[in-house]
Amino acid sequence: MAYDGLVMAAIAAELNAWCDARIEKIFQPEATTLSLLLHHRQLGKGRLILSANPRLPRVHLTTTKAENPLTPPMFCMLLRKHLEGAKLLKVEQLGLERVLTLNISGKDELGNLVTYRLIAEIMGRHSNIALVGPDNKVIDSIIRVPPAMSSIRIMLPGISYQYPGHQERTDTLSITNAQELQVALENSAGNLSKTLVRRLTGISPLLANELLARAQLPTNITAGELTTRDWDRLWQEIANLQTIVQTANFSPSHFDNDYAAINITHKQAAAWADSVNELVDQQVRQKLEGSALQQTKRRLHGIVKHLLQKEARKLGNQERELATMQEDLDLRLAGELILANMHLIQPKATKAELVNYYDPELANVTIGLDPSLDAVQNAQRYFKRYERARNGIPIVEKNIAATKRMLSYLQSLEDSLARAETAVLVQEIEAEMQQSGLLPTKQKTRKKEKEQPSTLLRFQSPSGREILVGRNNLQNERLLRSAAPDDWWLHAKDIPGSHVLIKGSNEPDAPTLEMAAQLAAYYSQARQGSKVPVDYTRRKHVKKPSGSPPGYVIYTEQKTVLVEPVGHEASKL
Numbered sequence: 005m006a007y008d009g010l011v012m013a014a015i016a017a018e019l020n021a022w023c024d025a026r027i028e029k030i031f032q033p034e035a036t037t038l039s040l041l042l043h044h045r046q047l048g049k050g051r052l053i054l055s056a057n058p059r060l061p062r063v064h065l066t067t068t069k070a071e072n073p074l075t076p077p078m079f080c081m082l083l084r085k086h087l088e089g090a091k092l093l094k095v096e097q098l099g100l101e102r103v104l105t106l107n108i109s110g111k112d113e114l115g116n117l118v119t120y121r122l123i124a125e126i127m128g129r130h131s132n133i134a135l136v137g138p139d140n141k142v143i144d145s146i147i148r149v150p151p152a153m154s155s156i157r158i159m160l161p162g163i164s165y166q167y168p169g170h171q172e173r174t175d176t177l178s179i180t181n182a183q184e185l186q187v188a189l190e191n192s193a194g195n196l197s198k199t200l201v202r203r204l205t206g207i208s209p210l211l212a213n214e215l216l217a218r219a220q221l222p223t224n225i226t227a228g229e230l231t232t233r234d235w236d237r238l239w240q241e242i243a244n245l246q247t248i249v250q251t252a253n254f255s256p257s258h259f260d261n262d263y264a265a266i267n268i269t270h271k272q273a274a275a276w277a278d279s280v281n282e283l284v285d286q287q288v289r290q291k292l293e294g295s296a297l298q299q300t301k302r303r304l305h306g307i308v309k310h311l312l313q314k315e316a317r318k319l320g321n322q323e324r325e326l327a328t329m330q331e332d333l334d335l336r337l338a339g340e341l342i343l344a345n346m347h348l349i350q351p352k353a354t355k356a357e358l359v360n361y362y363d364p365e366l367a368n369v370t371i372g373l374d375p376s377l378d379a380v381q382n383a384q385r386y387f388k389r390y391e392r393a394r395n396g397i398p399i400v401e402k403n404i405a406a407t408k409r410m411l412s413y414l415q416s417l418e419d420s421l422a423r424a425e426t427a428v429l430v431q432e433i434e435a436e437m438q439q440s441g442l443l444p445t446k447q448k449t450r451k452k453e454k455e456q457p458s459t460l461l462r463f464q465s466p467s468g469r470e471i472l473v474g475r476n477n478l479q480n481e482r483l484l485r486s487a488a489p490d491d492w493w494l495h496a497k498d499i500p501g502s503h504v505l506i507k508g509s510n511e512p513d514a515p516t517l518e519m520a521a522q523l524a525a526y527y528s529q530a531r532q533g534s535k536v537p538v539d540y541t542r543r544k545h546v547k548k549p550s551g552s553p554p555g556y557v558i559y560t561e562q563k564t565v566l567v568e569p570v571g572h573e574a575s576k577l
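Okay, structure coming up:
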């Protein structure tokens with residue numbers, strides 16, 4: 005996101021409307037993020053975010069109320085001591101650098117009014133927030149930077165504060181003519197777009213490309229290739245930018261998951277916003293929600309993957325155990341032959357060559373013996389192994405079936421997670437895993453509004469029939485419960501996927517059946533396949549075994565069709 009110096013200039017201009025506001029409360033919801041609750045006589049209440057989060061550093065007003073830790077961090081306590089109840093005097097930006105200073109009137113330890121500076125340095129992984137006293141000494145910072153961490157810029161309590169400097173950059177707002185601009189940009193390798201970002205303060209790649217577009221210059225041109233007329237046009241756009249900052253005449257716009265403080269003419273489908281603070285707040289919220297969604301998906305996928313590996317190992321052990329038991333079923337014969345030929349078996353023998361009376365050809369068989377046991381005891385040993393195998397095989401077969409069901413269920417979770425695109429769908433999968441005992445149930449610490457369940461996907465077939473698609477196991481359960489006995493149910497054959505329902509008891513016409521089957525293939529693990537077998541039958545032939553996991557069913561009376569996976573987005577209702 006383009007939180008550049010121009011965006012910060014717009015933020016500062018809007019924040020200055022909050023001058024004279026009181027700082028009522030200070031919170032630190034995250035390790036590197038502050039939340040200041042402001043109260044203004046005319047504007048009412050507002051919440052100001054200052055964040056040094058290296059992934060998303062920013063300053064802006066927000067409508068989002070974050071959850072705060074029960075015990076506030078030390079930096080938060082320090083700010084409360086000095087700034088709670090204090091008055092916001094002025095908001096200043098360092099040129100077009102992403103450094104914002106809140107000048108705040110508060111009281112010192114003796115009760116005297118003094119001016120503190122809360123300075124937000126928004127500089128990627130070097131971002132920081134510092135509280136500076138009236139003597140220009142750092143009282144503390146949200147991230148302490150000792151000499152061992154940085155020999156260039158130390159940030160510790162007691163040192164004199166110095167604004168971050170960029171000696172290689174020229175202050176964009178201080179340039180007064182085309183010649184000065186040329187001096188700032190000349191003798192730079194690479195295209196002009198990158199040169200603008202590298203040599204001028206406050207210019208992001210997005211803003212650099214916009215300046216070049218307005219000056220009718222290609223982005224890949226170099227500074228050395230510019231004519232005098234080119235320099236004049238580029239300077240005029242820089243001058244226009246300076247005027248926008250000086251008059252606070254910003255035009256916040258957003259597009260393609262990005263935003264800017266001015267109209268971006270070289271991008272299509274730009275939309276406008278009334279306030280850059282509102283725009284940044286909206287974009288940040290979407291990014292944080294998307295990031296949180298992906299983190300939750302990765303966490304749940306990791307758990308499911310681990311369980312899949314665990315169940316696969318269990319299945320392998322069970323199948324090997326079953327194979328051993330099936331071999332042990334032949335040991336009854338060994339015991340019977342030993343008893344029938346006891347007179348031929350020598351004491352302490354390790355094996356015996358005995359005639360197999362059950363073989364029509366009366367062939368000899370070699371039977372291993374335990375020399376520490378007599379013949380009867382050896383026979384009993386074989387009978388016990390036979391009995392253990394005979395009694396154990398049904399149990400192991402039952403366990404194998406249960407493990408296969410669990411594997412199938414975990415594969416369905418994996419498939420649902422891969423296709424989950426919204427927070428609600430991911431939350432439903434997490435809730436399902438908790439209900440299934442795969443995750444511990446979270447303790448509810450406070451009352452929350454009851455969340456509405458996600459909706460089934462609805463489609464309309466060419467003949468007007470309604471087709472429903474579940475997107476996870478909980479939706480599949482709801483779909484199954486809501487279906488009439490003679491509705492038509494579809495599912496990709498033998499692979500994890502969505503339950504699909506054609507509403508109505510009439511036999512579906514060919515286009516409707518094909519569309520529903522294509523949807524069943526598309527919303528399955530075989531989405532990337534070419535020809536996918538899909539089973540279909542009436543709902544009354546679909547049964548859910550008692551105690552089976554969510555979404556697990558067995559069905560009969562099915563027919564199978566081969567289709568290509570198609571999403572049919574145009575037919576969604």
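Using this note's numbering, you'd call the opening residue of the sequence shown number 5 and step up by one each time.
Beta carbons: idealized from backbone N, C-alpha and C, even for Gly.
May I ask you to list the residues that DSSP assigns as paired with Ala356? Paired residue(s): Ile371.
Measuring straight from C-alpha to C-alpha, what distance separates Asn116 and Pro161? Answer to the nearest angstrom: the Cα atoms are 21 Å apart.
From this set, Gln250, Gly501, Leu54 and Leu200, which residue's C-alpha is nearest Gly99's C-alpha? Of Gln250, Gly501, Leu54 and Leu200, the smallest CA-CA separation from Gly99 is found for Gln250.
Classification of Tyr361 by the beta-carbon crowding that lies within 10 angstroms, buried from 16 upward: By the 10 Å Cβ count, Tyr361 comes out exposed.
Out of curiosity, what's the CA-to-CA distance linking Thr449 and His503? With a pLDDT of 44 at Thr449, under the threshold of 50, the modelled position of that residue is not reliable, and the figure given next carries that caveat. Rounded to whole angstroms, Thr449 to His503 spans 35 Å at the Cα level.
Opening and closing residue of the alpha helix (DSSP H) in which Val149 lies: Unbroken run through Val149: none, as it is neither H nor E.
Near Gly110, what residues of its chain come up, given a Cβ to Cβ distance below 7 Å and the 5 sequence neighbours on each side ignored? These residues qualify, in order along the chain: His86, Leu87, Ala90, Val118 and Tyr120.
Which residues in the same chain have their Cβ closer than 7 Å to the Cβ of Gly396, if we skip the five residues on either side of it in sequence? Excluding residues up to 5 positions away in sequence, Met329 lie with their Cβ nearer than 7 Å to the Cβ of Gly396 in the same chain.
Which residue comes first and which comes last in the beta strand (DSSP E) that contains Asn403? In the DSSP assignment, Asn403 falls outside any beta strand (DSSP E) and lies within the alpha helix (DSSP H) extending over Ala379 to Arg423.
Between the Cα of Glu481 and the Cα atoms of Leu104, Pro549, Glu34 and Glu293, which residue gives the shortest distance? A check of alpha carbon separations from Glu481 across Leu104, Pro549, Glu34 and Glu293 identifies Pro549 as the nearest.
Which residue wins for smallest C-alpha separation from Leu38, given the options Ser412, Ile147 and Leu417? Ile147 is the residue among Ser412, Ile147 and Leu417 whose C-alpha sits nearest the C-alpha of Leu38.
In terms of residue numbering, what span does the alpha helix (DSSP H) encompassing Leu200 cover? Here the alpha helix (DSSP H) through Leu200 covers Leu196 to Arg203.
For Ile471, name the three-state secondary structure that DSSP assigns. Of the three classes helix, strand and coil, the one that applies to Ile471 here is strand, per DSSP.
Using only alpha-carbon positions, find the residue among Val567, Pro150 and Gln298 that is nearest to Val430. Distances from the alpha-carbon of Val430 to those of Val567, Pro150 and Gln298 put Gln298 closest.
Output needed for Pro151: all residues of its chain with C-beta closer than 7 Å, excluding positions within five of it in sequence on either side, in chain order. The answer, listed in chain order, is Ile158.
N-terminal and C-terminal residue of the alpha helix (DSSP H) that Glu436 is part of: Ala427 to Gln439 is the extent of the alpha helix (DSSP H) around Glu436.
Consult DSSP for Val280 and reduce its assignment to one of helix, strand or coil. Three-state result, Val280: helix.
How is Asn477 classed by DSSP in three states: helix, strand or coil? Residue state, collapsed to three classes: helix.
Under a Cβ-count criterion, where at least 16 other Cβ atoms within 10 Å of its own Cβ denotes burial, should Tyr167 be classed as buried or exposed? Flag for Tyr167 reads exposed.
Roughly how many angstroms lie between the CA atoms of Thr516 and Val565, to the nearest whole one? Each residue's CA atom was taken as its position, placing Thr516 and Val565 some 13 Å apart.
Three-state class that DSSP yields for Arg542 in the structure shown: The three-state reading of DSSP puts Arg542 in strand, counting E and B together.
So, is Gly206 buried or exposed, given that buried needs 16 or more other C-beta atoms within 10 angstroms? Residue environment analysis places Gly206 among the buried positions, since at least 16 neighbouring C-beta atoms fall within 10 angstroms of its C-beta.
Just the Cα atoms here: how many angstroms apart are Val63 and Ala514? Looking at the two C-alpha atoms, the distance is approximately 58 Å.
Given a cut-off of 9 Å, decide if Ala525 and Pro466 are closer than it, judged by their beta-carbon atoms. The answer is no: Cβ separation not under 9 Å.
Using C-beta distances below 6 Å, list every residue in its chain close to Ala14, excluding the 5 sequence neighbours before and after it, in chain order. The beta carbon of Ala14 sits closer than 6 Å to those of Phe254, Ala265 and Val280, all from its chain and outside the five residues before and after it, given in chain order.
Gly339 (DSSP reduced to helix, strand or coil): Of the three classes helix, strand and coil, the one that applies to Gly339 here is helix, per DSSP.
Tell me the rounded alpha-carbon separation between Trp492 and Asp419. Distance between the alpha carbons of Trp492 and Asp419: 23 Å.
Per DSSP, which residues does His495 bridge with? Please list them. Bridge partners of His495: Asp539.
Nearest to Asn261 by CA position, among Ser154, Gln313 and Asp285, is which residue? Checked all of Ser154, Gln313 and Asp285; the closest Cα to Asn261 is Asp285.
Starting from Asn132, follow the beta strand (DSSP E) in both directions and report where the run begins and ends. The continuous beta strand (DSSP E) containing Asn132 extends over residues Asn132 to Val136.
7 Å Cβ shell around Ala70 - same chain, five flanking residues per side excluded: Cβ neighbours of Ala70 beyond the five flanking positions: Pro33 and Ser39.
How about Ile126 and Tyr7: are their beta carbons less than 9 Å apart? Yes, Cβ-Cβ distance for Ile126 and Tyr7 is below 9 Å.
Could you say which of Leu483, Pro364, Ile499 and Asp334 lies nearest to Lys408 if we only look at CA atoms? Closest option to Lys408, Cα to Cα, is Ile499.
Nearest-angstrom Cα separation, counted from Arg202 out to Thr231: Roughly 21 Å separates the two Cα atoms.
9 Å Cβ cutoff met for Ala338 and Ala383: Taking C-beta atoms as the reference points, Ala338 and Ala383 count as a pair closer than 9 Å.
C-beta contact flag for Ile108 and Leu92 at 9 Å: Their beta carbons are under 9 Å apart, which means Ile108 touches Leu92 by this criterion.
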